[in-house]
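Here's the structure, in C-alpha cells; my notes come after.
Residue numbers (the numbering used here), protein chains in the order written: chain Y, 958 to 1360; chain B, 958 to 1360.
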C-alpha cells in the first residue's frame, strides 16, 4: 500500500471548520487506498499568541522555556485533528515530537534533527491507524523539549517521510503550489507542475517563501518527492523531485525576489590573501547570516567587498565591519538598506549560455541599475533598488516567456 | 532549609498580570529562606476553551486525545511562570507531569497517581532552582499522557509534597481559606484557622468546594500539612492538619451545603439479605456515584431505600432502579431533584452528645422538614427541600455560634 505523509500548516488548521476539512481530506486519502501519516503545525495564530503572552509576562525568555511554551501549540492541533478523524470513523492517534522520537541537538528554538526513531508511528500504521504527529518539535538527548525554528514542521514531515520510505511528502499550504513569480506582483505568473530540488533550493534561498530551505535540502538528500499543494482547493500542486530530462527544456523556471536584506560595502581593502577570511569570520562570530558576497577583481591594489545581510542584522554588521576596518586596512564602510534582490532560477541555465546577458539587457531596457551580481550554475541574482524590484520581476517574467 | 510546595490554580494565573504577581510571591518566599516547588494549573479559562474547541471539531473525543489536548494548558502556564521568575532573577525550570515522573494508571481523563519519581525536581532543587511543575497531568506506564480529573492539580501538589517531605503544601486559590459556612449565604461566616484532615474530608464530601476530596485524602494519608490561602490578598488562610487537642474545644467547626444532588427512593423492598447489594451493584455497573444511602428499619417485612446521586445521573439512576424493581420485589421507584443537603462538621461531635438533637430542633424551629438523615462520627447531614437550604444553613450557623 502506498504511504503518504501529509503536512498541514497553521492556516490549513486555522479554526474548527478548517480542522474538519483537513480530517475529511485525510479520510478520503485513506479510502483511496493509501496509508497516511499526518504532520501538523500549530493552529493559525496560536504560536504568535503564545509569544505575545510570553512578552507580556517577562523580558527574559530562557530558550528552554520558550520551547516548552510554543510546543503546546501542536499538541492542541494534533489532538483536535485526531478527534475530528475519530468523528469520521478514522482510527487515529496523536504523538508529540518526543513520543515519536524526533531526536534533536540541544540548540533550543532552532534545534537540528539528529535522528528520527518513529517506532510508535510504525506501530500505529501496522495497527491500521493514522498517526498524527506534532511538527516543529523534538526532544534532545537530555530529554529536553526542543523546537526546530522556522519551517520546522516541514522538516519534521520530510524527515518522517525519509525514515518511513514514504512515496510522497505532501506539503499543504494556503497557495496552490510554487509559481513562476510572486502572483501578487505578476498576475500572469503560473503554477509550476514539476521543479527539481536544486531549483527549489535556489528559490527558497532567494525569496520564494513557500518552502523553507532546510526541508528542501533534507528532501533532496534523502530523495523524498515533495508535493506542494493547497488545503483550500485541494487541487494538484507543484511536485519537487529529482532533476530529469524533461526539465532541461525549460531554460528559466522562475523569477524570485527578496526585499528583506540590506547591503554592506567595505571599500579600499588591500588585495591580499586572508582579508576576506578575517572579515567574514568576525561576522560569523557575531552569528550574522551573510547571504550574497561579491568581490571585484582588484584595480589598483585595493578592492571593494560587498555583502548582504538580513535587515535586522545591519547595525551589528556595520559595527563589526567598522571595528575591523583598521585591521583590514580598509578605507571605509558604507551600507544601504534600500536594496532588493531579483533572481532567475532554472536548471536549463547550465546548458544555455546567454541567459545572464538577456537578464542584464532586460533590466537595462527598463533603466534599472544593477548594483551587485552573483551567479550559480542554475541561478543569476542582481541587487537593484527596492523601488525597481517589482518592475524588474515583471519585465524578466515577460522576457523569459514564463506566462 | 524548609521546603514549601506552592500550588496555584487557574484564577491565580488568569492573565499576564496575575502570573507576574505569582512570580513575585514565589520570589519573596525564596528570599525569606525557603526552597520552593511550584505546581500550576492551566490559566483561567484555557481548559474550557480547549474543550469548547474539541466540541466544535468532533462529537467523538477519544479519552487519550482529550488528555493530550487539555494537558497543553499547564504547559503554557508553567513556561510563562518560569519566564516571569527569570525576569525577577529567580533561576527556575518548568517540567511536565511526564518529565517529573507522575506515573498514573491508564484511566484517561481521571487517572490515579501510582508513583511520583520527582528525580528532576530533586535535581533542580539541588541546583538551587525553583522547579515549576505542571499539575493535573501524568504519564501512564505505557508512556501515554494522562490527566487526573477534577482537582487534579491539588493532587499533584500534595503528592509531590509527600514524596519530597515538604514542610507544607500551600494551595492558593481565589478565596482566603475555608469558612464556617458559604459566605455568600452567611455573611457572618468566618475563616477557620485550623481544621483537621477528617473535618476537611467531610466538608469536601458535603459541598465545601475549596479542596477536592482526593487531595485531602492524600494529604491525610501522608500527613502533609495543607495551607489553603488567597493568591489575591496573600494573607494567611486555613491550615489543614492532623487532629490535635485544641480542636476538640470546638464542637462544631462548619456548616456545609450541597445543592447538586437528587434523591431516589425504592419503596416496598422485601427486608431480606442481598437486596441492597443487588441494587447498588447495578448502579455501580452504570458508573453512578451514589453518595448518601439511608435505609429504615423494616416495619411490615418491607422497607424503603433512599439514596442521593449527582443530578446529572438522576435519569440513568431511576431507569436502573426501575429495571431492577421486579427482581428486587420493590413496589415502586420515586425520585426528587428538589432536595439539598445541609451538614454539620466537627471533630468535637465525637465527645459531645446532643449535637444532632440541637440540629434537628433548630430546623424544626424554622419549620424545615427533614427528609433523610445520615451521620458519621464527625458529621450529621440532613436532606431538606432546596427552598429551605439557605435558611437551614443560616440558622444552624447561628445556633452553634460559629459567627
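All C-beta atoms in this analysis are idealised placements derived from N, C-alpha and C, irrespective of residue type, glycine included.
Under 8 Å between the Cβ atoms of residue 1055/B and residue 1096/B? yes
Please report whether the beta-carbon of residue 1032/B lies at a distance below 8 Å from any beta-carbon of chain Y. yes
Thinking C-alpha only, which one of 1079/B, 1093/B and 1251/B is nearest residue 1067/B? 1093/B
From the DSSP output, which residues share a beta bridge with residue 1342/Y?
1296/Y
Note to self: Is the separation between the beta-carbon of residue 1029/B and that of residue 1032/Y shorter than 8 Å?
What the structure shows: yes
query: Are the beta-carbon atoms of residue 1161/Y and residue 1223/Y separated by less than 8 Å?
result: no
Strictly below 8 Å CB to CB, what residues from chain B border residue 960/Y?
Those within 8 Å of residue 960/Y in chain B number zero; the least Cβ separation is about 23 Å.
Should residue 1039/Y be flagged as near chain B, meaning a C-beta pair shorter than 8 Å? yes
If you count every other CB in all the chains shown that lies within 10 Å of the CB of residue 1244/B, and 16 or more means buried, which is it?
-> exposed
If you measure between the beta carbons of residue 1146/Y and residue 1154/Y, is that distance less than 8 Å?
no
Practice task
With 8 Å as the threshold, decide whether the Cβ of residue 976/Y is near any Cβ in chain B.
Solution key: yes
On the DSSP bridge list, what partners appear for residue 1215/B?
1298/B
| Within 10 angstroms of its Cβ, does residue 967/Y collect 16 or more other Cβ (buried), or is it exposed? | buried
Residue-level contact to chain B via CB, residue 1036/Y, 8 Å cutoff: yes
* For the segment 1000–1020 of chain Y, which residues have a CB atom closer than 7 Å to at least one CB atom of chain B, in sequence order? -> 1007, 1010, 1011, 1013, 1014, 1015, 1016, 1017, 1018 and 1019
*Counting Cβ pairs, one atom from each stretch, are 3 or more of them under 8 Å apart for the segment 1277–1295 of chain B and the segment 1185–1200 of chain B?*
no
Pick helix, strand or coil for residue 1020/Y, following the three-state DSSP scheme. helix
Checking the sheet assignment: what are the DSSP bridge partners for residue 1330/Y? 1339/Y
Whole beta strand (DSSP E) elements within the segment 1162–1209 of chain B, 3-residue minimum | 1183–1187 and 1195–1198
Quiz prompt | Amino acids of chain B, ordered along the chain, whose beta-carbon sits closer than 8 Å to that of residue 1043/Y | solution = 1015, 1017, 1018, 1019 and 1022
*asked:* Please give the ranges of any alpha helix (DSSP H) in the segment 1221–1285 of chain Y, keeping only runs that are unbroken, at least 4 residues long and fully inside the region.
replied: 1232–1242, 1271–1280 and 1282–1285
Checklist entry - Near residue 1239/B, what residues of its chain come up, given a Cβ to Cβ distance below 6 Å and the 5 sequence neighbours on each side ignored? => result 1277 and 1281
Item to check | Cβ-Cβ separation, residue 1187/B to residue 1132/B (assumed contact under 8 Å), whole Å | outcome: 6 Å
- Going by DSSP, which residues form a beta bridge with residue 964/Y? 996/Y and 1128/Y
- request: Give the residues of chain B in contact with residue 1051/Y, contact being defined as C-beta atoms less than 9 Å apart.
  value: 1021, 1022, 1025 and 1026
- Does residue 973/B come within less than 8 Å of chain D when only Cβ atoms are used? The chain labelled as chain D is not found among the protein chains of the depicted structure, namely Y and B.
To the nearest angstrom, how far is the alpha carbon of residue 1228/Y from that of residue 1084/B?
54 Å
Integer-rounded CB distance, given that residue 1114/Y should sit under 8 Å from residue 996/Y:
4 Å
Distance between residue 1321/B and residue 1342/B (C-alpha atoms, nearest Å) | 13 Å
If you follow the beta strand (DSSP E) that residue 1103/Y is part of, which residue opens it and which one closes it? 1102–1104
query: Can you name the residues that DSSP bridges to residue 1136/B?
result: 1148/B
**Item:** residue 1070/B, enclosing beta strand (DSSP E) - first and last residue
**Value:** 1070–1073
Note to self: For residue 1180/Y, which residues in the same chain have their Cβ closer than 7 Å to its Cβ, ignoring the five residues on either side in sequence?
What the structure shows: 1199
>> I want to see whether chain Y comes within less than 8 Å of residue 1029/B, judged by CB atoms only; does it?
In response: yes
*Residue range of the alpha helix (DSSP H) that residue 1361/B falls in?*
In this structure chain B extends from 958 to 1360, so residue 1361/B is not present and cannot be described.
Would you report the Cα separation of residue 1312/B and residue 1105/B, rounded to the nearest angstrom? 37 Å
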